[in-house]
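Heads up: the sequence shown begins at 76 in this note's numbering, then just goes up one per residue. Idealized CB from N, CA, C, for every residue including glycine. Presented below is the structure to which this report refers.
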Amino acid sequence: MTEPGAARRLAIAAGIDIASVVAFVVIGRKNHDESGSLVTGTLKVVAPFLIALALGWVVARAWRAPMAVNTGIVVWLVTLIAGMLLRKFVFDGGTALPFIIVASLFTLLSLVGWRFLAEWRAPKPAAGT
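Structure (structure tokens):
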């Protein structure tokens, strides 16, 4: 990743992924009228998913192609599965089926969806090149 703009794309991809996971938690807490401190409550819920997101980046080697859909699929799967396992077994949080379904759909749309749009909008090489 030495071409011009590579570091910028990497930072953008990481920022969007982190914002997506945080948005998932903040929206969920707001919809469920979660009590307690906004900051500590949000941190407790978001922590397993941010840890899993970092793991997903490592597994996918996301720094190589941070905006690729295939990268997003690996990042999404690892974030979802590892996040749920960490939430249940380390952070003592709930993993009810409706939560897993909503988390699956939201994170699929946010972690893979933006990459799909980025690939779709990217300039295509001229035919025959």
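What is the DSSP secondary structure of R170, counted as helix, strand or coil?
This sequence places Thr at residue 170; Arg is not what is there. T170: coil per DSSP, three-state reduction.
By the DSSP assignment, the alpha helix (DSSP H) with E194 in it spans what residues?
Per DSSP, E194 belongs to the alpha helix (DSSP H) from G188 to R196.
Rounded straight-line distance, which links the Cα of A82 to that of K119:
Using only the alpha carbons, I get a separation of about 30 Å.
What first and last residue would you give for the alpha helix (DSSP H) that runs through L125?
Boundaries of the alpha helix (DSSP H) around L125: L113 to A135.
Which residue marks the beginning of the alpha helix (DSSP H) containing A98, and which one marks its end?
Unbroken alpha helix (DSSP H) run through A98: A81 to N106.
Please determine, among G158, R162 and W132, the residue with the shortest C-alpha to C-alpha distance to I148.
Among G158, R162 and W132, the Cα nearest to that of I148 belongs to W132.
Less than 8 Å between the CB atoms is what I'm expecting for T154 and L183, so what's the real figure, rounded?
T154 to L183, Cβ: 10 Å. No contact.
Does DSSP put V153 in a helix, in a strand, or in coil?
Look at V153 here: in three-state DSSP terms it is helix.
Would you call the region 126-146 and the region 97-105 touching, i.e. three or more CB-CB distances under 8 Å?
Taking 8 Å as the limit for Cβ pairs, the verdict is that the region 97-105 does not touch the region 126-146.
Are A137 and V150 close, meaning C-beta to C-beta below 7 Å?
By the CB criterion at 7 Å, A137 and V150 fall inside the cutoff.
Pair within 7 Å by beta-carbon distance, V144 and R190:
V144 is a Cβ neighbour of R190, given a cutoff of 7 Å.
According to the neighbour-count rule (16 or more other Cβ atoms, all chains shown, within 10 Å of its Cβ), is G158 buried or exposed?
Label assigned to G158: buried.
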